[in-house]
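Visitor: Each residue of the sequence shown is one higher than the one before, counting from 1 in the numbering used here.
All C-beta atoms in this analysis are idealised placements derived from N, C-alpha and C, irrespective of residue type, glycine included.
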Amino acid sequence: MNNDILNLFIQRFQLRALPEPLSGRQTRQAAVLIPIVRKENPSILLTRRSSSLRHHPGQIAFPGGAADISDLSLSTTALREANEEIGLNPKDVSILGQLSPQDSISGYRVTPIIGLLPSGLQFKQNSDEVDSLFEVPLTHILRLQNYRTLSVYRRGKESNIYAVPYEEHFIWGLTASILRQLAIQTEFPA
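1) Could you give the distance in angstroms between the alpha-carbon of Ile-141 and the alpha-carbon of Glu-135?
2) Which residues mark the beginning and the end of the beta strand (DSSP E) in which Gly-97 is found?
3) Using 8 Å as the threshold, is the C-beta distance between Ile-86 and Ile-113 below it?
4) Report the three-state DSSP secondary structure of Lys-157 (helix, strand or coil).
5) Tell me which residue opens and which closes the beta strand (DSSP E) that Leu-33 is part of.
6) Report buried or exposed for Val-209, applying the criterion of at least 16 other Cβ atoms within 10 angstroms of its Cβ.
7) Going by C-alpha to C-alpha distance, which of Gly-97, Val-32, Gln-59 and Ser-73 sits closest to Gln-185?
8) With a 10 Å radius around its C-beta and 16 neighbouring C-beta atoms as the bar for buried, classify Tyr-153 as buried or exposed.
9) Throw me the rounded Cβ distance for the Leu-33 and Gly-65 pair, which I believe falls under 8 Å.
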């Protein structure tokens, strides 16, 4: 197995200090898991949210959600949610670290937790929350030239969001912003 890409990613991620988080306006805490699959060509596992969900239906996302009062940490939140959404056993995840939190438009301060997964795991998606699972090569995610900036209007106000297309998937919004943060954090070579 060629571990060069993954080893370079881990080294760059662990050796760089996280940027200072912006002062957040959100007080409700949430966490998402950025699941990196260890294989010949490492990848990031993403979900397509169920089209029947009330919030963000059909969007591409990480497994994750709101922190429960019983969660011991935001890592616990991310692992619990990943177990509920895609059947990922927390024992199969090696936590590598986390990125700085970002505020979502739905009122949460979202902390991305990075976890390494062995290849060959079987997932059982919760059809109430997830329509499908797919993987994007880590090298695609870490190349900043793959990201686009889009202008969107929300509530009469223009703002810019990030997008990172991959094959038939259009990854945008908070998910793309978190992935871009990961690419910036590791300063992966082009």
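Guide: Concretely, from the data shown:
1) Counting from 1 along the sequence shown, the entry for residue 141 is found at position 141. Counting from 1 along the sequence shown, the entry for residue 135 is found at position 135. Ile-141 and Glu-135: Cα-Cα distance of roughly 11 Å.
2) Stepping through the sequence shown from its first residue, residue 97 is reached at position 97. From DSSP, the beta strand (DSSP E) with Gly-97 extends over 94 to 98.
3) For the purposes of this step, residue 86 is taken as residue 86 along the sequence shown, with counting starting at 1. For the purposes of this step, residue 113 is taken as residue 113 along the sequence shown, with counting starting at 1. With a cutoff of 8 Å on beta-carbon distance, Ile-86 and Ile-113 are scored as not near each other.
4) What you label residue 157 is simply residue 157 of the sequence shown in a count that begins at 1. When DSSP states are grouped into helix, strand and coil, Lys-157 belongs to the strand group.
5) In the sequence shown, the residue the question calls residue 33 occupies position 33. Segment 28 to 38, the beta strand (DSSP E) holding Leu-33.
6) Since the first and last residues shown for the chain are 1 and 190, residue 209 lies out of range.
7) Translated into the one-based positions of the sequence shown, residue 185 becomes position 185. It is Gly-97 whose Cα lies nearest to the Cα of Gln-185.
8) Taking the first residue of the sequence shown as position 1, residue 153 is located at position 153. So Tyr-153 counts as exposed.
9) Indexing the sequence shown from 1 puts residue 33 at position 33. Indexing the sequence shown from 1 puts residue 65 at position 65. 10 Å between Cβ atoms; not a contact.
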